[in-house]
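2 protein chains.
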Amino acid sequence: MKNLLAYIHSLTNFSAESWEILSPALTTITFEKDQYLLEAGKVCDALFFVSGGYCRAFYDKDGQEINTDFFFENDIATNINSFAKAEKSEFSIQACEDVTVVRFDKKKLREAAEHDPEIDGLGRKCLQQIAAKQEKHAAMYKLMTAQERYEYLEKYAPEVLQRVSLTQIASYLGVARETLSRIRSRRL
Amino acid sequence: MKNLLAYIHSLTNFSAESWEILSPALTTITFEKDQYLLEAGKVCDALFFVSGGYCRAFYDKDGQEINTDFFFENDIATNINSFAKAEKSEFSIQACEDVTVVRFDKKKLREAAEHDPEIDGLGRKCLQQIAAKQEKHAAMYKLMTAQERYEYLEKYAPEVLQRVSLTQIASYLGVARETLSRIRSRRL
DNA sequence: ATTGTTTTGTGACGATTGTCACAGGTTAAA
DNA sequence: TTTAACCTGTGACAATCGTCACAAAACAAT
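If you read the protein sequences in the order shown, they are chains F and E.
Mapping to the numbering used here: the first sequence position 82 is 82, numbers consecutive.
Count along the second sequence from 1, then add 1000; that gives the number in the numbering used here.
Here you go:
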């Protein structure tokens, strides 16, 4: 909860009263490794602030799992489209370790936002953050080769390389496991 | 302006009074072919609702231009990160034909949003739309081969294939011009 | 019509990557 | 400690794609 408060304050001004109003929308939950925070085909009705452990977002493409995102401590994990439009999610979010999250219930969050403009502003900031993250990631794909993407991770997201297995990273970078293995050995 | 109203109503409830309050933030502008709506390195201080013609967003990577988006009639063209965070834009937006847009001035828009929750809600909806578009496009890159991406455009964005030159589309799809030419000839 | 400019198609070739197969390592549970 | 399951590294080979070069086609302007 302390991390969550720090995260919120890093985004926007947030009073003690706002926190009181927001609190009922929050629950701390733990997921065991391999459990799903969100399953493809279901509607996303919550945001998850990750306070311990990490998870991954992945699409199932013809039986093959393709990672599109990792969420570590102090990240917000969700499907923002599914959340905002109440459409079925096209991807799943799964715990890669035992994970602790603070869950923001959609309905209660909306009620809280209606009563408090600070909470409304926070919601908007979160949306922006998520949009920004998506744009960065999309640009990484469009502008870089596999090797450059790997170097980008080394530079800007080293925790991914430290904590995530090669196989999972390869899927995230869009290359075969073997190719990533060779990229690594080339760079020693 | 009529198209803009229809667009707004498709997103959210919007009263005549809100429109009155919003109007001072709007200007209709035309850009000639090749003119810039936004230049890389500058801060984006406006949204552009495209009412005629189309434009492209592109990154400059070591002198090579890489297209990342096209904006047609009834699209909102902007750099949402640069707009929201007042950071320098990493890409440019350029008119590909003579283009007519309705410009939303950032400062005036914010003032209008402070006076009217409907305008505030509209802003949020726009943000969501843009985030959704980005996510779709990112997924296209991560999940599909070049050929599948081309077929995706055929299915979901045929106006791109009709109106944009092969060279520009190739850059957008992330393949060499020649490769796209071969994808096309394979599919006849 | 003619010229010049831009765009598109195509062949050849080399580089990169994916696929398949298998070996070596690591980890976790019994 | 042993086993089993999983992850990683590596070689061989085929398929794909990018690059270079140039021809054909489309388009614009005079």
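From the three backbone atoms N, C-alpha and C, an ideal C-beta is built for every residue, glycine too.
Assess contact between the segment 167-177 of chain F and the segment 1019-1033 of chain E, defined as three or more Cβ pairs (one per stretch) separated by less than 8 Å. Is contact present? no
Chain-ordered chain E contacts of F:E135 [CB-CB under 8 Å]: I1080, N1081, Q1134
Euclidean distance between Cα positions of F:N79 and E:N1067: 26 Å
Using only the alpha-carbon positions, how far apart do F:S92 and F:F48 sit? 13 Å
Contact list for the segment 1039-1069 of chain E against chain F, Cβ threshold 7 Å: Y1059, K1061, I1066, T1068
Could you tell me the alpha carbon to alpha carbon distance between E:K1142 and F:Y141, rounded to whole angstroms? 8 Å
Give the DSSP-derived three-state secondary structure of F:R187 in the structure shown. coil
Please work out which residues of its chain come closer than 7 Å, Cβ to Cβ, to F:K106, disregarding the five sequence neighbours upstream and downstream, and give them in chain order. D45, A46, F83
Is F:S171 helix, strand or coil when you go by DSSP? helix
Quick check: is the beta carbon of F:K142 nearer than 8 Å to any beta carbon in chain E? yes
Starting from the C-beta of F:L153, find all residues in its chain whose C-beta is less than 7 Å away, skip the five residues before and the five after it, and write them out in chain order. V160, L161
Taking Cβ positions, are F:V99 and F:C55 nearer each other than 8 Å? yes
Mind checking if F:A131 is an interface residue toward chain E, Cβ cutoff 8 Å exclusive? yes
Just to make sure I have the definition right: I need the residues of chain F whose C-beta is within less than 9 Å of the C-beta of E:Q1128. Which are they? I80, N81, A84, K85, L127, A131
Quick one: is F:L38 buried, meaning 16 or more other Cβ sit within 10 Å of its Cβ, or exposed? buried
Tell me, please, whether the CB atom of E:R1124 is closer than 8 Å to any CB atom in chain F? yes
Measure the C-alpha to C-alpha separation of E:V1101 and F:F14 and round it to an integer number of angstroms. 37 Å
Along chain F, in chain order, which residues have C-beta atoms closer than 8 Å to that of E:A1138? T68, Q134, H137, A138, Y141
Between E:N1074 and E:N1003, which are expected to be in contact by the criterion C-beta below 8 Å, what is the C-beta distance as a whole number of angstroms? 6 Å
Per DSSP, the bridge partner or partners of E:D1075: Answer by DSSP bridge pairing: none, since E:D1075 is not bridged.
Excluding the 5 residues preceding and the 5 following E:A1095 in the sequence, name in chain order all residues of the same chain whose CB lies nearer than 6 Å to its CB. F1031, K1033, Q1035, C1055
With distances taken from CA atoms, which of F:E148, F:G52, F:E87, F:K85 is nearest F:A77? F:G52
Can you say whether E:D1116 is buried or exposed, counting buried as having 16 or more other CB atoms within 10 angstroms of its CB? buried
Three-way DSSP call (helix, strand, coil) for F:E111 in this model: helix
So, are the CB atoms of E:I1183 and E:Q1147 less than 8 Å apart? yes
Counted within 10 angstroms of its Cβ, other Cβ atoms place F:Y150 as buried (16 or more) or exposed: buried
By DSSP's criteria, E:R1056 is part of a beta bridge. Which residues make up the other side? E:F1070, E:Q1094
Taking 8 Å as the threshold (C-beta atoms), are E:K1088 and E:V1043 in contact? yes
How would you write the range of the alpha helix (DSSP H) that E:F1083 sits in, first residue to last? 1080-1085
Range of the contiguous beta strand (DSSP E) that encloses F:V102: 99-105
Please state whether the Cβ-Cβ distance between F:L5 and F:L122 is less than 8 Å. no
Determine the contact status of E:A1131 and E:D1120, defining contact as a CB-CB distance below 8 Å. no
Secondary structure at E:Q1035, three-state DSSP: helix, strand or coil? coil
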